[in-house]
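Residue numbers (our numbering): 451 to 566.
Okay, here's the thing in structure tokens:
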């Protein structure tokens, strides 16, 4: 019985931490804001098994703001991480060297929502 309760608790916690990946929202206990004054963001595509939050933190720091995008024609999800002014080249270098990142490129931030 204790094992079942422990398993249920673990599944509950996992679902809380990963719900932002499936719903596009971020849990309230970890809801950072985009960096003030950000004009550039990095869009990256993960390799199979990559963790979007951990990858974003390696690219933009521990308080990285991550927005899930769509899927490319291979079915891979892409994610957008705005970067603080003055850190763009360092962040792009980190993205391109990260083993979990298949592709990375710059986009303007904030996104133009009129096209959505």
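Virtual Cβ for every residue (Gly too), placed ideally from N, Cα, C.
Status (buried if at least 16 other CB within 10 Å, exposed otherwise) for residue i
| i | result |
| --- | --- |
| residue 455 | exposed |
| residue 548 | buried |
Proximity winner among the options, relative to residue i (alpha-carbon distances)
| i | options | result |
| --- | --- | --- |
| residue 560 | 487, 453 and 451 | 487 |
| residue 501 | 541, 557, 525 and 516 | 516 |
| residue 528 | 545, 535 and 538 | 545 |
| residue 541 | 508, 451 and 499 | 508 |
| residue 518 | 532, 538 and 490 | 532 |
| residue 538 | 498, 554 and 451 | 554 |
Where residue i falls: helix, strand or coil (DSSP)
| i | result |
| --- | --- |
| residue 555 | strand |
| residue 491 | strand |
| residue 511 | coil |
Distance between beta carbons of residue j and residue i, contact taken as under 8 Å
| i | j | result |
| --- | --- | --- |
| residue 513 | residue 482 | 4 Å |
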